[in-house]
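Engineer: Under the UniProt record's numbering, residues 1 to 456 are what the sequence shown spells out, in order.
Below you'll find the structure I mean.
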Amino acid sequence: MKAPMELVGKRAEYYTQLIKATLTSIGVPTDKLKFVQGSSYQLTAEYSLANMKLCSKTTERDAKKAGAEVVKQVESPLLSGLMYPGMQALDEEFLGVDAQFGGVDQRKIFVFAEKMLPMIGYKKRSHLMNVMVPGLAGPKMSSSDPDSKIDLLESPEDVKRKLSKAFCEEGNIVENGILSFVKTVLFPLGSMNGKSPSFSIIRPEKFGGDVTYTKFEDLENDFKDKKVHPGDLKKAVTDAINTLLAPIRQWFDNDELRQLTESAYPSPKPEPKSKPVKSNKPAAGANLPVDVSRLDIRVARILEAKVHDANPNSYISTVDCGNGDVRTVVSGLAKYIPLAEMQNRLVCAVCNLKPGKFQGVLSSAMLLAGSSADDSVVELLQPPQELEAGDLIEFEGYAQADRSSPEKLNPKHLIFEKVSEDFKVDADGLAKYKDLEFRTKAGPVSLKTLKEGRIR
């Protein structure tokens, strides 16, 4: 139902070429590789009869359980979703295979196949599984989120762009898609044909100089201990991926396969362009000063916080920014601040940043925290307790950001990053912009114990 059968046929041809190109690029012979389209046997009377037999032995509970990790679970599922695991099991018999290979998300279908096929007279097969590599933006790659994955025909520029914005928090080795790719792809490929695997980080001497790893565990430990910066890791993996993809791109660099690619995945037709209307109005933010007046910093209250399901080092908080403006905020504070201290407390929030997805969750504000020079102490900024969500935070001599028609700061322009360079915690534990206090009607904003540090 997702595409007409003619288009599905083109995609089968496309993936045949793509799989051959991928295996050939790493030295795997394909002369014994056989491709079979499911429709060549799934439309036969024999397969239909076997499918009916299997359905007669399968309960609704069995079907739901088998598809729990690969079929969308809803209260009233379509019959197609319930039949899917059984059809995948039957494929083993009609393909005449000895084993089936898949990711660990297939394990419940594999268990179903081992149980059910012997019940209708077919033999039980072996099943092999591989770990799932996390996506670039969270725990799992998604075809609906192009930035969560790297396509095999991705251009070098797109690989660099996607890696540069990928989630790779410093010191965080949990659900880190970039580190996982090094572990599951680069090191195993490096050990093929009896070779010794190696992975190199190239960086200036002032940041530790070049380093080569022959064991993934050593790289992982250095990243965990913050001896390897995310930027250096991303650059090294970008170079490695582009090296891997180069022969695959070359395989498709001919008119025939370019046409096949376009036939399988047609480029979207551009919508008719309307005639532009000339305007003398300057672009949003043009000619405005880059100072604290551009930031809408408010007193806010965390209503509830919980640990991010995909990253134990992050919190997902529900934050009241005043006047009924309740937002979801993702913060990397879980390894610094206990969960109990994140509940029902006042904080300082930057409320006019453009919402963006962080670790798979749309975050609509930023909580300001102070940290010591070595990050051993991290604390949220602490407004006076008698204040309410939505109260102003002011800076003497600077205008307030316009809340009636707030400017949404585009992250590409780095306005917050430039302004926050002048944020600091002074020797008395007060939050300051340059030498100006974060002022409220009830007094200055402070930190619980931190003296002297930065604010981020």
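Note that the Cβ used here is the ideal one computed from N, Cα and C, for glycine as well.
Report all residues from its chain with a CB closer than 7 Å to the CB of K124; omit the five preceding and five following residues, and keep chain order.
Structural biologist: Within the same chain, K124 has close Cβ partners E114, L117, P118.
Engineer: Using 10 angstroms around the beta-carbon of F223, count the other beta-carbons present and answer buried if the total reaches 16, otherwise exposed.
Structural biologist: Result: buried.
Engineer: Thinking C-alpha only, which one of N221, S293, C55, R11 is nearest I393?
Structural biologist: Closest option to I393, Cα to Cα, is S293.
Engineer: Give a yes or no on whether the C-beta atoms belonging to R345 and L380 are separated by under 9 Å.
Structural biologist: It is a contact, given that the beta carbons lie within the stated cut-off.
Engineer: Give the DSSP-derived three-state secondary structure of G194 in the structure shown.
Structural biologist: If DSSP states are grouped into helix, strand and coil, G194 belongs with the helices.
Engineer: Which residues bound the beta strand (DSSP E) around K10?
Structural biologist: That residue, K10, is in no beta strand (DSSP E); its alpha helix (DSSP H) goes 5–25.
Engineer: Report the residue from P384, L339, L295, V377 whose alpha carbon sits nearest the alpha carbon of F423.
Structural biologist: Of the candidates P384, L339, L295, V377, the one whose C-alpha sits nearest the C-alpha of F423 is L295.
Engineer: Please give me, in chain order, every unbroken run of the alpha helix (DSSP H) with length at least 4 that falls completely inside the stretch 159–217.
Structural biologist: You should have 177–181, 187–190.
Engineer: Check whether the Cβ of V133 sits closer than 8 Å to any heavy atom of the ligand PLP, and report yes or no.
Structural biologist: As presented, the structure is devoid of all ligands, the ligand PLP included, so that no description of it is given.
Engineer: For H308, write down the residues that DSSP places opposite it in a beta bridge.
Structural biologist: Partner(s): N311.
Engineer: Between V71, F167, K215, D158, which lies nearest to L186 when the distance is taken from Cα to Cα?
Structural biologist: Out of V71, F167, K215, D158, K215 has the C-alpha closest to the C-alpha of L186.
Engineer: Candidates L414, S371, K162: which alpha carbon is nearest V425's?
Structural biologist: Comparing Cα-Cα distances from V425 to each of L414, S371, K162, the minimum goes to S371.
Engineer: Going by DSSP in three states, G429 sits in which element: helix, strand or coil?
Structural biologist: Reduced to three states, the DSSP call for G429 is coil.
Engineer: Could you round the C-beta distance between V70 and V104 to whole angstroms and report it? I think they count as a contact, below 8 Å.
Structural biologist: Not quite, the Cβ-Cβ distance comes to about 11 Å (not below 8 Å), so this is no contact.
Engineer: Alpha helix (DSSP H) containing S371: first to last residue?
Structural biologist: No alpha helix (DSSP H) holds S371; the beta strand (DSSP E) holding it covers 369–371.
Engineer: How many whole angstroms separate the CB atoms of residue 500 and V330, which I take to be in contact at a CB cut-off of 8 Å?
Structural biologist: The structure shown does not extend to residue 500, since the chain is modelled only from 1 to 456, so the question has no answer here.
Engineer: Keeping to the same chain, check which residues put their C-beta closer than 7 Å to that of Y84; ignore five residues upstream and five downstream.
Structural biologist: Same-chain partners within the cutoff: G67, V71.
Engineer: Measuring only the C-alpha atoms, how far is R439 from F395?
Structural biologist: Answer to the nearest angstrom: the Cα atoms are 6 Å apart.
Engineer: Leaving aside the five residues before and after N242 along the sequence, list all residues of the same chain whose C-beta is less than 7 Å from its C-beta, in chain order.
Structural biologist: Once the five neighbours on either side are set aside, the close Cβ partners of N242 are P156, V159.
Engineer: Starting from K357, follow the alpha helix (DSSP H) in both directions and report where the run begins and ends.
Structural biologist: K357 -> not in any alpha helix (DSSP H); beta strand (DSSP E) instead, spanning 356–358.
Engineer: What residue range is occupied by the uninterrupted beta strand (DSSP E) comprising M342?
Structural biologist: No beta strand (DSSP E) contains M342, which DSSP labels as neither H nor E.
Engineer: List, from N- to C-terminal side, the beta strand (DSSP E) runs of 3 residues or more that fit wholly inside the stretch 35–104.
Structural biologist: Segments of the beta strand (DSSP E) lying fully in the stretch 35–104: 99–103.
Engineer: Quick check: L353 and A334, are their CB atoms within less than 9 Å of each other?
Structural biologist: Against a cut-off of 9 Å, the Cβ pair of A334 and L353 comes out as no contact.
Engineer: For N313, count neighbouring Cβ atoms within 10 angstroms of its own Cβ and tell me buried if that reaches 16, exposed if not.
Structural biologist: Answer is buried; the Cβ neighbour count reaches 16.
Engineer: Beta-carbon within less than 8 Å of P411's beta-carbon, same chain only, minus the 5 sequence neighbours each way: which residues are those?
Structural biologist: Here the set comprises L353, K354, G356.
Engineer: Please report the distance separating the alpha-carbon of R456 from that of Q106.
Structural biologist: In a straight line, the C-alpha of R456 is about 42 Å away from that of Q106.
Engineer: Could you check whether the stretch 308–325 touches the stretch 147–156, counting it as contact only if at least three pairs of C-beta atoms, one from each stretch, sit closer than 8 Å?
Structural biologist: No, the stretch 308–325 does not touch the stretch 147–156.
Engineer: Can you pull the DSSP bridge partners for Q382?
Structural biologist: Per DSSP, S446.
Engineer: Would a C-beta distance cut-off of 9 Å place V419 and P383 closer than the cut-off?
Structural biologist: No, Cβ-Cβ distance for V419 and P383 is not below 9 Å.
Engineer: Assuming N51 and M87 make a contact with CB atoms under 8 Å, what is their CB distance in whole Å?
Structural biologist: Confirmed, Cβ separation roughly 7 Å.
Engineer: Using a Cβ-Cβ distance cut-off of 9 Å, determine whether Y47 contacts chain D.
Structural biologist: The displayed structure is made up of one protein chain only, and chain D is not part of it.
Engineer: To the nearest angstrom, report how far apart K269 and E13 are at their CA atoms.
Structural biologist: Rounded to the nearest angstrom, the two C-alpha atoms are 23 Å apart.
Engineer: Which stretch, first to last residue, makes up the alpha helix (DSSP H) that contains N352?
Structural biologist: Counting along the chain, N352 falls outside any alpha helix (DSSP H), and DSSP gives it neither H nor E.
Engineer: Tell me whether the beta-carbon of P444 lies closer than 9 Å to the beta-carbon of A427.
Structural biologist: Not a contact, by the Cβ cut-off of 9 Å.
Engineer: Mapping DSSP to helix, strand and coil, what is K424?
Structural biologist: Reduced to three states, the DSSP call for K424 is strand.
Engineer: If you count every other CB in all the chains shown that lies within 10 Å of the CB of K32, and 16 or more means buried, which is it?
Structural biologist: The residue in question, K32, is exposed, as its Cβ has fewer than 16 Cβ neighbours within 10 Å.
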